[in-house]
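In our numbering, the protein residues as written are 155 to 290.
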């Protein structure tokens, strides 16, 4: 009789966690899919661009060291488009140019890329922001 009770207890202990883990695993995958969807639909919330620049040797180009940071927990991004804005000495916008960086940016990572971009007449400074990207 004790053996039957012991086997019943062991069977219950082994059965309940496996049923529960199936539910937990399903819930986990659901939450991961939900978070991935949120991150890929709100790219500019998770990707940022910073860095430094200098004028090229001839003055007709800028050399930009752009650091792109991905703060997403799960989503990777690729083909990040950066919008460069050119400013005058009075901070008026002289123009914008878009540049696409064909790299993959893993979650919780940052990469620095070097861009050689156009210079315009009367440019006193430039700035850049992430415009868009694709989920990888």
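Using N, Cα and C, we set each Cβ at its ideal position, and we do this for glycine too.
query                                                                                                                                                             : result
So if DSSP puts residue 256 in a beta bridge, which residue, or which two residues, is it bridged to?                                                             : Note: residue 256 sits in no beta bridge, so no partner.
Taking all protein chains shown into account, decide if residue 211 is buried (16 or more other Cβ within 10 angstroms of its Cβ) or exposed.                     : exposed
Within 10 angstroms of its Cβ, does residue 193 collect 16 or more other Cβ (buried), or is it exposed?                                                           : buried
Figure out for me which residue from 244, 245, 269 and 273 has the closest Cα to the Cα of residue 220.                                                           : 269
Tell me, to the nearest whole angstrom, how far the beta carbon of residue 291 is from that of residue 235; I am working on the premise that it is less than 8 Å. : Since the displayed the chain opens at 155 and closes at 290, residue 291 lies outside it and no answer follows.
From the DSSP output, in three-state form, read off residue 283 for me.                                                                                           : strand
What residue from 285, 218, 271 and 282 has the CA that sits closest to residue 206's CA?                                                                         : 218
On the three-state DSSP scale, how would you describe residue 185?                                                                                                : helix
Roughly how many angstroms lie between the CA atoms of residue 216 and residue 199, to the nearest whole one?                                                     : 27 Å
Any idea which residues DSSP pairs residue 204 with across the strands?                                                                                           : 221
Am I right that residue 252 and residue 285 are in contact with their C-beta atoms under 8 Å? What's the rounded C-beta distance?                                 : 6 Å
Could you give the C-beta distance for residue 232 and residue 290, rounded to a whole number, given that I count them as a contact under 8 Å?                    : 4 Å
DSSP beta-bridge partners for residue 239?                                                                                                                        : 250 and 281
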